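Q:
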Amino acid sequence: MKTLYELADSLGLPFRGNGQCLISSVGTLAHAESSQISFLANPKYTNQLQNTRAGAVILSESVADKFSGNVLIAPDPYVAFAKVARLFVDAKQTNTYIHPQSFIHPEAQVADDVSVGAFTVIDADVIVGQRCQIGHHVTIESGVVLGNDCVIKSGVTIESGCKLGQRCIIHSGAVIGADGFGLARDEDGWLKIPQTGIVRLGNDCEIGANTTIDCGTIDDTILGNDVRLDNQIQIGHNVHIGDHTIMAGCTAVAGSTMIGRNCLIGGGVGIVGHIEICDNVTIQAMSLVTHSIKEAGQFSGAAPLQKVADWRKNAARYRQLDQWVRKVNQLEKKK
Amino acid sequence: MKTLYELADSLGLPFRGNGQCLISSVGTLAHAESSQISFLANPKYTNQLQNTRAGAVILSESVADKFSGNVLIAPDPYVAFAKVARLFVDAKQTNTYIHPQSFIHPEAQVADDVSVGAFTVIDADVIVGQRCQIGHHVTIESGVVLGNDCVIKSGVTIESGCKLGQRCIIHSGAVIGADGFGLARDEDGWLKIPQTGIVRLGNDCEIGANTTIDCGTIDDTILGNDVRLDNQIQIGHNVHIGDHTIMAGCTAVAGSTMIGRNCLIGGGVGIVGHIEICDNVTIQAMSLVTHSIKEAGQFSGAAPLQKVADWRKNAARYRQLDQWVRKVNQLEKKK
Amino acid sequence: MKTLYELADSLGLPFRGNGQCLISSVGTLAHAESSQISFLANPKYTNQLQNTRAGAVILSESVADKFSGNVLIAPDPYVAFAKVARLFVDAKQTNTYIHPQSFIHPEAQVADDVSVGAFTVIDADVIVGQRCQIGHHVTIESGVVLGNDCVIKSGVTIESGCKLGQRCIIHSGAVIGADGFGLARDEDGWLKIPQTGIVRLGNDCEIGANTTIDCGTIDDTILGNDVRLDNQIQIGHNVHIGDHTIMAGCTAVAGSTMIGRNCLIGGGVGIVGHIEICDNVTIQAMSLVTHSIKEAGQFSGAAPLQKVADWRKNAARYRQLDQWVRKVNQLEKKK
């Protein structure tokens with residue numbers, strides 16, 4: 002339990018109303034109770050503000066002026082909400098229990114204060130940093146290095162030799178370091194190219210559930226610091242991703258593509274192989290990127306949603322678009 | 002073994018031909034033997050009817066009139082086939098074996114008649130309902146509740162606190178309750194928003210292999226009754242999905258979106274966050290939904306497939322479509 | 002360590018330069034050292050050739066003429082590189098260790114020279130061929146057959162009865178044989194169709210990390226020989242895929258579709274159910290295939306990427322494309 006005054010003080014932010022108001026956790030505008038603090042960041046939910054029962058609300062200054070309840074005033078209410086939520090969660094303790102039904106290879110180096118779940122495998126020559134929390138059914142193959150304070154959730158596989166920085170979070174079912182899709186076509190069929198590189202993650206990376214990051218073919222697949230990948234993403238071999246770039250779910254990046262820093266890649270995006278995307282590029286959901294992008298900016302490519310009857314007619318015209326445009330040109334010339 | 006007469010009687014449907022014909026299982030028109038019953042539901046396969054060796058076939062009345070073999074007549078042959086197939090499968094017994102190489106926390110409440118596979122983890126305070134069948138390598142984290150008659154296949158992860166209704170089926174590799182993708186951008190980088198909600202599934206939900214459903218950020222992610230998700234689907238935090246809605250493989254729904262009842266969502270569809278889709282909406286494969294849909298109906302959005310040579314020309318024109326339309330308008334005005 | 006002369010001799014290819022040059026492994030043009038052999042296959046990287054420190058480079062004859070260093074001359078440098086890389090990797094030994102914390106059912110038939118990882122389950126009536134390498138946390142359900150020399154990586158699930166040929170490689174987290182998405186709509190809701198078929202893989206198939214291949218509903222799901230699937234792919238029930246066909250990541254094929262031999266399917270492609278694609282078809286990334294393809298060739302369908310401001314205008318025009326084309330037709334008639 003913290004008072005509104007204490008929360009404001011922790012975050013270095015001003016407040017209005019009753020500073021002695023007691024807050025025990027965070028809640029949504031729609032469902033918070035009087036012991037909870039809520040927030041308004043997305044203007045779509047402004048109409049929920051007047052009826053909220055939250056004990057206090059985090060608001061921008063301009064919105065705060067129109068609200069009569071207790072307010073924590075923040076330039077970016079979503080960031081302030083993140084910080085407040087973390088204050089309450091950080092109070093929870095982590096544990097340092099090694100489950101007896103795990104397998105830790107005698108030649109692995111595991112720090113004293115880690116926790117390891119049931120049926121987890123930590124193989125030879127693995128190094129596990131301090132305070133790492135490793136779930137159930139995790140496979141950490143030989144030679145992997147985990148920095149300090151990593152969280153590896155249940156069912157994760159990290160293949161041989163991959164290196165993670167500090168404070169990385171790997172969600173359930175993710176696979177780090179599987180073979181890239183490297184094939185050469187011989188007369189008899191496909192020849193598999195041995196995949197001998199690794200995956201390197203910087204510090205503070207977060208990898209979503211069931212996401213896959215392939216190892217490099219010879220050199221490595223590299224994610225910088227603070228790269229955040231949502232669930233079900235596929236990162237091909239030898240891809241590089243710059244610091245602070247984030248990707249939403251189900252996006253795929255093909256081999257050897259270089260993505261810059263501070264990019265925002267939407268969900269379901271496809272990025273072909275062997276191209277470069279510069280810093281500060283935003284790609285909207287379900288776009289296909291087929292060429293390098295050399296200038297920062299926002300890009301989009303999905304076709305628009307239509308009623309099926311309209312879609313059928315328009316799609317049929319699209320198939321002949323070049324012909325129609327030629328006709329327009331001819332009509333113009335005849336003028 | 003059942004006679005055609007018995008099958009017809011079980012389903013309350015009429016038959017034609019030899020009621021004493023013995024049926025031991027279901028088969029396809031192309032490959033069924035004389036001891037099997039087959040069906041015709043998709044008109045694409047009508048030409049297979051004349052040559053089938055099936056002992057009997059489930060047909061609609063109009064098709065049955067043109068077929069000389071033994072027939073079970075059904076208003077919807079696919080539904081009748083489902084019911085017949087289930088009659089033969091339900092005859093198989095389920096088991097109640099707890100594998101000795103599993104870990105069941107002493108504070109878990111597991112009903113007497115469940116089965117638990119090898120290396121499965123059932124953590125503290127989990128409640129497992131009657132007759133649940135749990136496979137190998139399953140992780141059920143603390144506080145999870147499984148209703149009666151759930152089937153959890155191998156390698157599934159259900160994270161802390163999630164609640165499943167009765168008769169849910171979770172296929173291999175699915176992850177229920179991983180953290181949502183909640184990040185706020187601070188000056189130094191991304192701040193992770195703690196994800197403290199859970200996932201709630203109603204009764205009779207089926208979740209496909211390697212599908213992921215994120216927990217809610219504060220409130221919960223909620224699937225109603227009889228929601229059916231295919232493989233490789235991603236459901237974001239705080240999504241709601243109404244009763245009887247189904248989704249085909251590789252579809253993704255971003256956070257806080259509300260989807261109604263009886264919707265049919267195709268494969269590879271993307272649905273952005275914070276929108277609402279009403280009841281009885283059909284979305285065709287690989288469409289992107291960027292706005293709320295307030296009226297029932299069928300929607301589509303994928304661009305048409307073309308030969309690459311045509312696609313190049315048409316796609317180039319599409320990039321200047323607005324300019325061409327303006328020219329058409331000018332030509333029209335000059336008339 | 003092998004000399005350039007020995008490598009050339011092994012592959013039956015000519016070389017230029019110092020045949021006594023010692024090579025210990027493969028490297029990229031950018032990062033190879035003098036004890037490594039590199040290659041140039043993608044012309045995008047030609048500019049890296051002049052500065053490489055590689056001890057030798059695999060080049061086509063025409064490129065070799067412009068390079069002064071040691072060269073292995075190959076008609077297809079990528080194929081030659083694959084073969085050279087395999088020479089160095091094949092030198093590594095595989096092991097035949099059965100981890101004591103695994104579960105092998107007494108009624109399974111496991112060849113003597115296989116390796117089985119920790120917490121792996123090999124259930125009743127499974128047959129494991131010679132020299133198979135099975136990782137940690139693998140589930141092989143009852144009745145599965147693995148041919149000789151299969152490699153099953155960690156966390157793979159192979160469900161009951163599936164049959165794999167020889168030399169198949171299944172990457173981490175893949176699920177072979179989960180239930181297909183078969184549902185019939187009854188008045189009360191969805192009726193699950195029992196899925197009683199299996200998955201059959203031919204020889205030399207490779208299945209990517211977290212890829213899912215559903216079992217057949219009645220008949221089987223069948224992949225031919227040398228079919229190569231990248232990560233995160235979804236193959237529906239009763240799909241057939243012909244020999245040597247490959248698919249890049251995140252592609253989905255719906256139920257009962259037949260795909261021919263030697264097809265190249267890009268990433269993020271969607272292929273609807275119940276259609277046929279003939280041999281030698283190439284589908285580019287993120288295309289949707291809605292109809293059968295009866296002629297070999299290259300097809301594409303994704304909408305082009307644009308700056309968001311352009312995309313908004315062009316997409317709006319696309320929604321009325323049929324109307325604009327009608328106007329063009331009217332203008333033409335009035336001429």
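Residue numbers (the working numbering), protein chains in the order written: chain A, 2 to 336; chain B, 2 to 336; chain C, 2 to 336.
Note that beta-carbon positions come from the ideal geometry of N, C-alpha and C, so glycine has one too.
Since the model is a prediction, treat every value here as computed from it, not as a measurement.
1. Compute the beta-carbon to beta-carbon distance between D221/B and R201/B, rounded to the nearest angstrom, for a pair I have assumed lies under 8 angstroms.
2. Along chain C, in chain order, which residues have C-beta atoms closer than 7 angstroms to that of S288/A?
3. Let's see if you can read the secondary structure: which residues bound the alpha helix (DSSP H) around Q331/C?
4. I need the straight-line Cα distance from V329/A to N211/A, nearest angstrom please.
5. By alpha-carbon positions, which one of Q299/C, Q307/C and S301/C ends up nearest to G1/A?
6. If I measure Cβ to Cβ from G302/C and keep anything under 7 angstroms in the same chain, skipping five residues before and after, which residues do I get?
7. With a threshold of 16 other CB atoms inside 10 Å of the CB of S63/C, please say whether the residue is buried or exposed.
8. Report the three-state DSSP secondary structure of V228/C (helix, strand or coil).
9. With DSSP as the reference, identify every bridge partner of Q235/B, one or two as the case may be.
10. Under DSSP, the alpha helix (DSSP H) around L5/A begins and ends at which residues?
11. Rounded to a whole number of angstroms, what is the C-alpha to C-alpha distance between G162/B and S39/C?
12. Taking C-beta to C-beta, are I348/B and E207/B nearer than 7 angstroms?
13. In this structure, what does DSSP give as the bridge partners for Q110/A?
14. Any idea if Q331/A is buried or exposed, counting beta-carbon neighbours within 10 angstroms, 16 or more meaning buried?
15. Checking the sheet assignment: what are the DSSP bridge partners for W191/A?
16. Ignore the nearest five residues each way along the sequence and tell me which others in Q1/B's own chain have a CB closer than 8 angstroms to its CB.
17. Within 8 angstroms, do at least three Cβ pairs link the segment 29 to 44 of chain A to the segment 72 to 79 of chain A?
18. Could you say if the segment 97 to 105 of chain A and the segment 23 to 35 of chain A meet the contact criterion of at least three C-beta pairs nearer than 8 angstroms?
19. Under a CB-based cut-off of 7 angstroms, is N211/C close to chain B?
20. With a threshold of 7 angstroms between beta carbons, is Q49/B in contact with chain A?
21. Looking only at C-alpha atoms, which of D124/C, F120/C, H245/C and G237/C sits nearest to E188/A?
22. Identify the residues that DSSP records as bridge partners of M2/C: which are they?
23. Run the CB neighbour count on Y6/B, radius 10 Å, all protein chains shown included, and call it buried at 16 or more, exposed below.
24. Name, please, each residue of chain B whose Cβ falls closer than 7 angstroms to the Cβ of Q235/C.
25. Given G274/A, which residues of its chain have a CB within under 6 angstroms of its CB, disregarding the five upstream and five downstream residues?
26. Would you mind sorting S173/A into buried or exposed? The rule is 16 or more other CB atoms within 10 Å of its CB.
27. Taking C-beta pairs closer than 9 angstroms, name the residues in chain B that L332/A reaches, listed in chain order.
28. Can you check which of these residues, A112/B, W191/B and I272/B, is closest to A253/B by C-alpha distance?
29. Measure the C-alpha to C-alpha separation of N232/C and N239/A and round it to an integer number of angstroms.
30. Does DSSP classify A310/A as helix, strand or coil?
31. Could you work out which residues of chain C lie near D195/A, taking near to mean beta carbons separated by less than 7 angstroms?
32. Under 7 angstroms Cβ-Cβ, which residues of chain A neighbour L184/B?
33. How would you label G268/C, buried or exposed, when you count the other beta carbons within 10 angstroms and need 16 or more for buried?
34. Would you mind stating whether T140/A and D114/A have Cβ atoms separated by less than 7 angstroms?
35. Show which residues of chain B have a CB atom less than 8 angstroms away from the CB atom of Y319/C.
36. Is it buried or exposed, A125/C, if we count other Cβ atoms within 10 angstroms and call 16 or more buried?
A: Result, derived from the coordinates:
1. Taking the second sequence and counting its residues from 1, the one referred to as residue 221/B is at position 220. Taking the second sequence and counting its residues from 1, the one referred to as residue 201/B is at position 200. Sure, about 5 angstroms apart at Cβ, within 8 angstroms.
2. Numbered from 1 along the first sequence, position 287 holds the residue referred to as residue 288/A. Within chain C, the residues near S288/A are L306.
3. Residue numbering aside, residue 331/C sits at position 330 when the third sequence is read from its first letter. Residues L322 to K335.
4. What you label residue 329/A is simply residue 328 of the first sequence in a count that begins at 1. What you label residue 211/A is simply residue 210 of the first sequence in a count that begins at 1. When rounded, the distance between both Cα atoms is 49 angstroms.
5. The question about residue 1/A has no answer, for chain A in this structure spans 2 to 336.
6. Residue numbering aside, residue 302/C sits at position 301 when the third sequence is read from its first letter. Same-chain partners within the cutoff: S288 and L289.
7. Locating residue 63/C in the third sequence gives position 62, where the first residue counts as 1. When all chains shown are included, S63/C counts as exposed.
8. To locate residue 228/C, count along the third sequence from 1; it is residue 227. DSSP places V228/C in coil when its eight states are reduced to three.
9. Indexing the second sequence from 1 puts residue 235/B at position 234. Answer is T213/B and A253/B, bridged to Q235/B.
10. On the first sequence, residue 5/A is found 4 positions in, with the first residue counted as 1. First-last of the alpha helix (DSSP H) with L5/A: L5 to L12.
11. Against the second sequence, residue 162/B aligns to sequence position 161. Against the third sequence, residue 39/C aligns to sequence position 38. Rounded to the nearest angstrom, the two C-alpha atoms are 52 angstroms apart.
12. Residue 348/B lies beyond the stretch modelled for chain B, which goes from 2 to 336, so this question has no answer here.
13. Taking the first residue of the first sequence as 1, we reach residue 110/A at position 109. Its beta-bridge partners are I128/A.
14. Mapped onto the first sequence, residue 331/A falls at position 330. Label assigned to Q331/A: exposed.
15. For the purposes of this step, residue 191/A is identified with residue 190 of the first sequence, where counting begins at 1. Note: W191/A sits in a beta bridge opposite R186/A.
16. Because chain B in this structure spans residues 2 to 336, residue 1/B falls outside the shown range and cannot be described.
17. yes
18. With a cut-off of 8 angstroms, the segment 23 to 35 of chain A and the segment 97 to 105 of chain A do not count as touching, because too few Cβ pairs lie within range.
19. Here residue 211/C refers to the residue found at position 210 of the third sequence. Chain B, which has a Cβ nearer than 7 angstroms to the Cβ of N211/C, makes this yes.
20. Residue numbering aside, residue 49/B sits at position 48 when the second sequence is read from its first letter. No, Q49/B does not count as interfacial toward chain A.
21. By one-based count along the first sequence, residue 188/A stands at place 187. Cα-wise, what sits closest to E188/A is H245/C.
22. Here residue 2/C refers to the residue found at position 1 when the third sequence is read from its first residue. Paired residue(s): none; M2/C is not in a bridge.
23. Here residue 6/B refers to the residue found at position 5 of the second sequence. Under this definition Y6/B is an exposed residue.
24. Within the third sequence, numbered from 1, the residue matching residue 235/C stands at position 234. Within chain B, the residues near Q235/C are N232, Q233, G250 and C251.
25. Counted from its first residue, the first sequence places residue 274/A at position 273. Closer than 6 angstroms at Cβ, skipping near neighbours: A255, G256, S257 and T258.
26. Position 172 of the first sequence, counting from 1, holds the residue named residue 173/A. Buried, by the Cβ-count rule.
27. Numbered from 1 along the first sequence, position 331 holds the residue referred to as residue 332/A. Residues of chain B passing the Cβ test: K328, V329 and L332.
28. As a working mapping, residue 253/B is identified with position 252 in the second sequence. Of the candidates A112/B, W191/B and I272/B, the one whose C-alpha sits nearest the C-alpha of A253/B is I272/B.
29. Start at 1 with the first residue of the third sequence, and residue 232/C comes out as number 231. Start at 1 with the first residue of the first sequence, and residue 239/A comes out as number 238. Roughly 15 angstroms separates the two Cα atoms.
30. Sequence index remark: in the first sequence, residue 310/A carries index 309 (1-based). In the structure shown, A310/A sits in a helix (DSSP, three-state: H, G or I).
31. By one-based count along the first sequence, residue 195/A stands at place 194. The sequence given here places Pro at residue 195/A; Asp does not occur at that position. Result: A86, R87 and V90.
32. The residue you call residue 184/B lines up with position 183 of the second sequence. Residues of chain A passing the Cβ test: R229 and I247.
33. Residue 268/C sits at position 267 when you count from the first residue of the third sequence. Label assigned to G268/C: buried.
34. The residue given as residue 140/A occupies position 139 in the first sequence. The residue given as residue 114/A occupies position 113 in the first sequence. Not in contact: T140/A and D114/A (Cβ atoms no closer than 7 angstroms).
35. Locating residue 319/C in the third sequence gives position 318, where the first residue counts as 1. For Y319/C, the chain B residues whose Cβ falls inside 8 angstroms of its Cβ are Y319 and L322, in order along the chain.
36. For the purposes of this step, residue 125/C is taken as residue 124 along the third sequence, with counting starting at 1. Counting Cβ neighbours within 10 Å, A125/C comes out exposed, since fewer than 16 surround it.
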